[in-house]
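Protein chains: 2
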Amino acid sequence: METTREHELREAGLRVTRPRLAVLGVLADHPHADADTIVTAAREQHPSLSPQAVYGVLKAFVGAGIARRIEPAGAPALFELRVGDNHHHLVCRSCGAIADVDCVVGASPCLKPSDAAGFVVDEAEVVFWGMCRDCQVEAAAESVQIEERHLNEEHDMIEEHDIREGARA
Amino acid sequence: METTREHELREAGLRVTRPRLAVLGVLADHPHADADTIVTAAREQHPSLSPQAVYGVLKAFVGAGIARRIEPAGAPALFELRVGDNHHHLVCRSCGAIADVDCVVGASPCLKPSDAAGFVVDEAEVVFWGMCRDCQVEAAAESVQIEERHLNEEHDMIEEHDIREGARA
DNA sequence: GCCCTTTTCTTGACCAGTTCAAGAAAGGGG
DNA sequence: CCCCTTTCTTGAACTGGTCAAGAAAAGGGC
Chain B
56 METTREHELR EAGLRVTRPR LAVLGVLADH PHADADTIVT AAREQHPSLS
106 PQAVYGVLKA FVGAGIARRI EPAGAPALFE LRVGDNHHHL VCRSCGAIAD
156 VDCVVGASPC LKPSDAAGFV VDEAEVVFWG MCRDCQVEAA AESVQIEERH
206 LNEEHDMIEE HDIREGARA
Chain G
56 METTREHELR EAGLRVTRPR LAVLGVLADH PHADADTIVT AAREQHPSLS
106 PQAVYGVLKA FVGAGIARRI EPAGAPALFE LRVGDNHHHL VCRSCGAIAD
156 VDCVVGASPC LKPSDAAGFV VDEAEVVFWG MCRDCQVEAA AESVQIEERH
206 LNEEHDMIEE HDIREGARA
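Here's what the structure looks like:
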């Protein structure tokens with residue numbers, strides 16, 4: 056019995072239900088999963104699970120403070136169980152992969168705006184944009200190919216674009 | 056003649072068109088406008104302007120480097136002309152107001168992740184979440200009203216649970 | 001253990017923001 | 001001024017996500 060997870064839910068003031076346990080399990084396995092990934096993965100344990108149920112569960116988790124929602128620009132929302140430590144994220148521009156980064160300064164709020172313009176700031180969210188190791192390798196390989204293509208010239212193009220494996224989760 | 060703005064467009068390698076000049080004007084007036092605001096405002100100068108044209112223009116601007124797109128979680132994308140200085144943003148949780156903040160450390164990339172996990176980072180985006188002055192005032196006024204209501208009322212239970220302030224940072 | 005109330009899940013419609021596609025119109029170099 | 005290219009208009013479509021109503025199931029009291 057997943058008493059541990061049941062406990063986590065109860066601790067958070069949430070009823071223990073199959074969909075919630077399933078989603079919790081998926082989040083434990085996929086530290087930065089989007090709703091769709093969660094639906095798909097959670098259906099292994101609970102086939103009838105609906106997307107709306109997942110949205111509801113996720114909203115409950117976020118509301119109860121056991122999950123955090125992150126929304127990198129241009130990507131669907133991602134959810135993670137690591138909460139309360141104000142860590143930040145590295146996002147790969149080409150494949151969307153996400154990695155955690157500990158808070159730069161340590162404590163939260165980790166950053167203070169130089170001039171808060173009258174705002175009361177309660178969170179500083181940092182997103183580091185860049186390219187993950189895999190995509191760097193791929194990009195390097197591709198640029199080599201382009202070079203070769205130029206050398207060989209007048210041969211038909213090898214369409215390698217759209218490789219984009221979903222290494223998001 | 057808006058030679059200045061025409062020049063800005065040409066400088067950026069863009070053709071000068073009426074929709075573009077209109078959008079450029081709106082962005083100059085509204086430093087953090089969303090697509091819808093831009094459409095509405097730009098129609099004062101160019102009534103037949105379509106939303107799709109605006110999306111196209113904005114994409115062109117961003118591509119040409121004369122505008123920047125920001126996407127605060129849970130809000131439509133906003134566009135600003137201030138580019139190239141890697142400044143950051145304060146976002147009001149209750150009304151969505153946005154204010155610019157100069158880069159905390161000065162130069163861009165202003166922050167270096169403690170451990171980049173193999174990523175090559177090219178930008179550090181910081182969003183400060185909080186409450187703007189207006190909303191603070193409003194919230195204060197509202198809490199006073201609630202307090203009065205409690206005092207006047209015949210001692211209904213003062214439900215204080217679920218306060219759970221989002222002190223996530 | 002069973003009932004009852006409340007919460008949650010299922011099913012299905014709907015919405016906002018944005019993108020895609022095809023043809024018409026406008027920019028601007030020659 | 002013409003022609004080619006880019007851009008805009010019009011209209012449809014798509015994605016990620018929300019809303020609403022009824023069915024199901026959680027779990028406290030008996």
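Protein chains in written order, with our numbering: chain B, 56 to 224; chain G, 56 to 224. Glycine residues also receive a C-beta, built at the ideal position from the N, C-alpha and C atoms.
- Within the stretch 97–183 of chain B, the runs of alpha helix (DSSP H) that reach at least 4 residues and sit entirely inside it are, in chain order, 106–119.
- Between G:Val-182 and B:Glu-180, the C-beta spacing is below 7 Å.
- Residue pairing by DSSP places G:Gly-185 opposite B:Val-176 and G:Cys-147 in a beta bridge.
- Of all alpha-carbon atoms in G:Asp-177, G:Arg-75 and G:Arg-65, the one lying nearest the alpha-carbon of G:Lys-114 is that of G:Arg-75.
- With contacts defined by Cβ atoms closer than 7 Å, G:Val-94 and G:Val-109 form a contacting pair.
- Taking one beta carbon from each stretch, the stretch 131–143 of chain B and the stretch 94–105 of chain B have fewer than 3 pairs nearer than 8 Å; the two do not touch.
- By the 16-neighbour rule on beta-carbons within 10 angstroms, B:Ile-121 is buried.
- For B:Ala-88, the secondary structure class from DSSP, reduced to helix, strand or coil, is strand.
- Listed in chain order, the positions of the stretch 175–189 of chain B with a beta carbon within less than 7 Å of a beta carbon of chain G are Val-175, Val-176, Asp-177, Glu-178, Ala-179, Glu-180, Val-181, Val-182, Phe-183, Trp-184, Gly-185, Met-186, Cys-187 and Arg-188.
- Using a CB distance cut-off of 7 Å, G:Gly-139 does not count as an interface residue toward chain B.
- Any Cβ of chain G closer than 7 Å to the Cβ of B:Leu-145 would place that residue at the interface, and such an atom is present.
- When DSSP states are grouped into helix, strand and coil, B:Gly-68 belongs to the coil group.
- With fewer than 16 neighbouring CB atoms inside 10 Å of its own CB, B:His-62 falls in the exposed class.
- The criterion of a C-beta distance shorter than 7 Å is satisfied by G:Leu-69 and G:Ala-119.
- Distance from the Cα of B:Val-175 is smallest, within the candidate group G:Ala-90, G:Cys-190, G:Asp-91 and G:Gly-129, for G:Cys-190.
- Taken atom to atom, the span from the alpha-carbon of G:Val-146 to that of G:Ala-130 is near 10 Å.
- Burial is judged here by how many other beta carbons sit within 10 angstroms of a residue's own beta carbon; G:Thr-59 has fewer than 16 and is exposed.
- In terms of Cβ geometry, B:Cys-187 and B:Ala-152 form a close pair [threshold 7 Å].
- Residues of chain G whose Cβ lies closer than 7 Å to the Cβ of B:Ala-128 are, in chain order, Glu-126.
- Taking C-beta atoms as the reference points, B:Gly-111 and G:Asp-177 fail to come closer than 7 Å.
- Counting of Cβ neighbours within 10 angstroms places G:Val-78 among the buried residues, the total reaching 16 or more.
- The contact set of G:Gln-191 on chain B, defined by CB atoms closer than 9 Å, consists of Gly-173, Phe-174 and Val-175 in chain order.
- Burial of G:Ala-88 is indicated by the presence of at least 16 other C-beta atoms within 10 angstroms of its C-beta.
- Linking B:Glu-66 to B:Thr-72 through their CA atoms gives a straight-line distance of about 14 Å.
- In terms of Cα proximity to B:Glu-193, the closest of B:Asp-84, B:Ser-149, B:Ala-90 and B:Ala-97 is B:Ser-149.
- B:His-142 has its alpha-carbon roughly 11 Å from the corresponding atom of B:Arg-123.
- Out of G:Gln-100, G:Asp-155, G:Cys-158 and G:Lys-167, the CA that lies nearest to the CA of B:Cys-158 is found in G:Lys-167.
- The C-beta separation of B:His-85 from B:Ala-96 comes to about 7 Å, placing the pair in contact by the 8 Å criterion.
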